[in-house]
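These notes concern the structure reproduced below.
Numbering (my numbering), first residue to last: 1042 to 1273.
This is how it looks when you write it as structure tokens:
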């Protein structure tokens, strides 16, 4: 056998196994649900997924759950007159249940705290997008460990397709298509979920509290040229 073919064969086999795992039944592991489509609404109307409750579970709790510290940074977007500051914790190549994925947790932090942390930042680097990435001072890293999680972005290694998304998440309430990239957003406002699917199967899933779903929807509606409602 041509040795050059071996890596490709192994990769194809790995993706096939991952796809099979997505189609298998979903036993609930000890400690609660951990799969991306196992989403519950709490009695006060927020989202619980991966064993974390948005708006209540903290970064420290996520670290304990994942068994990793992650990389914590502050980001500044927008211009100097109207900057948008946020703090995100990035976790790379985590295994939860059968699946491997990256996680980005956006924290709920008061504007005044964010501004003060930006001023104390140890190092500022420019991103290709023009946004700025700030390495936090140790005191801010420690303080933000107790901050609640506002949103979760889940980036699975496995490639998905529309049929599998509907099977796992149900029929979306709405679909929006990005005109330039062709990425299709499958929207589930009742659970605060946006499943973004590229043509090659690459997937990004965002979770927010249902009451905050407009923060995901408004930017999409502003740029979408094709809006579709699934047929019944």
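Just so you know, even glycine gets a beta-carbon here, dropped at the ideal spot from N, CA and C. Note that the structure is predicted; figures quoted are calculated from it, not measured.
- A residue is called buried once 16 or more other Cβ atoms fall within 10 Å of its Cβ, and residue 1233 is buried on that count.
- Straight across, the Cα-Cα distance linking residue 1236 with residue 1245 is about 6 Å.
- If you look at residue 1144, you'll find it in the beta strand (DSSP E) that goes 1140-1148.
- Between residue 1110 and residue 1117 a beta carbon distance of about 23 Å is seen, past the 8 Å cut, so the two are scored as non-contacting.
- Following the DSSP letters along the chain, one finds residue 1112 inside the beta strand (DSSP E) bounded by residues 1112-1118.
- 8 Å or more divides the Cβ of residue 1150 from the Cβ of residue 1107.
- Shown here for residue 1089: same chain residues with a beta carbon closer than 6 Å to its own, the five before and five after excluded, namely 1081, 1083 in chain order.
- Between the beta-carbon of residue 1115 and that of residue 1146 there is about 13 Å, and that puts the pair past the 8 Å contact cut.
- The beta carbon of residue 1178 lies closer than 8 Å to those of 1158, 1161, 1162, 1163 in the same chain, with the five residues before and after it left out.
- If you look at residue 1185, you'll find it in the alpha helix (DSSP H) that goes 1179-1185.
- Here the C-alpha atom of residue 1215 lies approximately 11 Å from the C-alpha atom of residue 1262.
- Judged by DSSP in its simplified three-state form, residue 1167 adopts strand.
- DSSP places residue 1104 inside the alpha helix (DSSP H), whose first and last residues are 1100-1107.
- Its Cα nearest to that of residue 1132, the residue 1112 stands out among 1208, 1231, 1112.
- Between the alpha carbons of residue 1096 and residue 1204 lies a gap of roughly 31 Å.
- Note on residue 1181: 16 or more other CB atoms within 10 angstroms of its CB, so buried under the neighbour-count rule.
- DSSP, reduced to helix, strand and coil, places residue 1083 outside both helices and strands of the structure shown, so it counts as coil.
- Here residue 1230 has 1214, 1215, 1251, 1254, 1258 as same chain residues with Cβ atoms under 8 Å from its own Cβ, once five neighbours each way along the sequence are excluded.
- Straight-line measurement puts the Cα of residue 1126 at about 26 Å from the Cα of residue 1135.
- In the DSSP assignment, residue 1228 falls outside any alpha helix (DSSP H) and within the unbroken beta strand (DSSP E) covering 1225-1229.
- The C-beta of residue 1206 has 16 or more other C-beta atoms within 10 Å across all chains shown, which makes the residue buried.
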